[in-house]
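Heads up, the final residue of the sequence shown is numbered 427 in my numbering, and it's a clean run with no missing numbers. Worksheet: the structure to be examined is printed underneath.
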Amino acid sequence: IRKIGIIGAGLMASQLAVLFLRRMGVPVVMKDIKQEFLDKGVGYVKGELSAQVSKRRMTQAKADYLGHLLIPTLDYSDFADCDFIIEAVFEEMAIKQQVFAEAEEVVSDTCILATNTSSLSITEMASKLAHPERVVGFHFFNPVALLPLLEIIKGEMTDDVTLVTAFECAKKINKNAILVKDSPGFLVNRLLTR
């Protein structure tokens, strides 16, 4: 994975941007529908990087470098050369299907489409795409920086290359990934509702 795309610039998306920048050190394209949302997301990321400098966990030069790797955009075309895209938008199936369909129009056939959904069906989310085999659940827990668990959810069409790449990505960002069945609530939320 040489370039990551994030659909959304809210709190979860911004936390993901910080995580990918710090752990992988690759360009991260963050897209949202309004400039004000993007500005807020970029502000959060830069604030988190500055906090790392203040705590002496990172040099100013490293924070500046990572800050320059963040590419805010309002246009899907900036995802064209991404290898891995994760959506962190409103938890509604139709919206998630729409953003994946729009991203699929510009990305390569091998780009992985990951969703941070906490409970929606991965299989249904992928069902209207030309390449449903590249869709995978990649469910983080809040706060992203502190909680080590990551649920990786295999949809009915998710292929082995997508799954292996998702686990490799999880390893690079220091998360403990578990393979979870595509069922309502996946594992953790099912246990919580019990």
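For glycine and all other residues, C-beta sits at the position ideal for the given N, C-alpha and C.
Go to residue i, then tell me how far its beta strand (DSSP E) extends in each direction, as first and last residue.
i      : result
Gly238 : 237-240
Val437 : This structure leaves residue 437 out entirely; the chain is present only between 234 and 427.
So, for residue i: in the same chain, excluding its five sequence neighbours on each side, which residues have a beta-carbon less than 6 angstroms away from its beta-carbon?
i      : result
Leu346 : Ile318, Phe333, Arg367, Val368
Ala313 : Val339
Ser310 : Val339
Glu389 : Thr356
Are the beta-carbon atoms belonging to residue i and residue j less than 7 angstroms from one another?
i      : j      : result
Thr348 : Met358 : yes
His186 : Ser351 : No answer is possible for residue 186: it lies beyond the span of the chain, which begins at 234 and ends at 427.
Ile386 : Asp415 : yes
Ala410 : Leu383 : yes
Leu303 : Val259 : no
Mind checking which residues open and close the alpha helix (DSSP H) that includes residue i?
i      : result
Glu337 : 326-337
Lys405 : 393-405
Please name the residue or residues paired with residue i in a DSSP beta bridge.
i      : result
Lys414 : Lys387
Within its chain, find whatever has a CB closer than 8 angstroms to the CB of residue i; leave out the 5 residues flanking it on each side and keep chain order.
i      : result
Ala321 : Ile239, Ile240, Gly241, Gly243, Met245, Ala246, Leu249, Asn349
Val377 : Met245, Gln248, Leu249, Val251, Leu252
Asp392 : Glu366, Arg367
Skipping 5 residues on each side, what residues in its chain have a beta carbon closer than 7 angstroms to that of residue i?
i      : result
Lys405 : Arg256, Met257
Minimum length 3: unbroken beta strand (DSSP E) runs contained in the stretch 281-331: Counting only runs of 3 or more, we get 303-306, 317-320.
Could I get the ranges of all uninterrupted alpha helix (DSSP H) runs contained in the stretch 339-388, with 4 residues as the minimum, in chain order? Listed in chain order, the complete alpha helix (DSSP H) runs (minimum 4 residues) inside the stretch 339-388 are 355-359.
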